[in-house]
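**Q**
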Amino acid sequence: MSEERAKMAWGIWASIFVVLLILEMLTVDFTFTMVAGGALVATLSSALGAGLVVQVIAFAVVSTVLLILVRPWVRRHINNSSNNESNVYALTGQNATALTRVDATSGQVKIGGDTWSAVSSHEPIEAGTTVVITAVQGAQVVVVPA
C-alpha cells in the first residue's frame, strides 16, 4: 500500500471505531469499547499522516493495554448484571414496611412504591414493622425485623 493510501485509511479506522461502539451497545461487556479505543488512536495517527505500520501497531498496543489494564477496573466499578446484584436481586439489604402480618407462609411488604409477597425467616412480624430483605425467592422476598 502506498504512503498516500495509508494516509487515507483514517476513514476505515473511523468506521471500525463506530462499528465496535455499536457492538459494545449490544453486549455491554467493555471488550469492544477497549478495542474501539485502539481504533480511535489508529484513526488519529492516520489523520496525522502516520504510515499504515504505525497505525496497526498503535491499534494493537492501545487495544491490548486497554483490555489488560482498564477493562478489569471498569468491570469492577460498573454495575454488572451477571453478579446477581441488579434487578430484583438488588432488593437484598433494603428496608421495607410490613403491610400485613408476615409469617413463614405469607405476608405482604411495601418496598419503595411496590407491594411484594413476603415470608419471615424467623418469628412472625406484625403489620407496620420495618423489615430488612434478606433474600429474593422467585416472586417473594424473605424478611427479618430491622
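In the working numbering, the protein residues as written are 17 to 162. Every residue, glycine too, gets a C-beta built ideally from N, C-alpha and C. The model shown is predicted, which means the values in this text are computed figures rather than measured ones.
1. Of the residues I141, A112 and G129, which one's Cα is nearest the Cα of T121?
2. Going by C-alpha to C-alpha distance, which of Q153, V78 and G144 sits closest to L56?
3. Touching or not, the stretch 139-159 and the stretch 107-126, by the rule of three or more beta carbon pairs under 8 Å?
4. Taking the straight line between their C-alpha atoms, what separation do you get for V125 and S136?
5. Helix, strand or coil for M24, going by three-state DSSP, please let me know.
6. Is it buried or exposed for Q153, if we count other Cβ within 10 angstroms and need 16 for buried?
**A** If we stick to the structure as given:
1. Here residue 121 is taken as the residue at index 105 of the sequence shown, counted from 1. Out of I141, A112 and G129, the CA that lies nearest to the CA of T121 is found in I141.
2. Residue numbering aside, residue 56 sits at position 40 when the sequence shown is read from its first letter. A check of alpha carbon separations from L56 across Q153, V78 and G144 identifies V78 as the nearest.
3. At 8 Å Cβ cutoff, the stretches touch.
4. The count along the sequence shown starts at 1 and reaches residue 125 at position 109. The count along the sequence shown starts at 1 and reaches residue 136 at position 120. Using only the alpha carbons, I get a separation of about 11 Å.
5. The residue given as residue 24 occupies position 8 in the sequence shown. Under the three-state reduction of DSSP output, M24 falls in the coil class, being neither helix nor strand.
6. Sequence index remark: in the sequence shown, residue 153 carries index 137 (1-based). With fewer than 16 other Cβ atoms within 10 Å, it is exposed.
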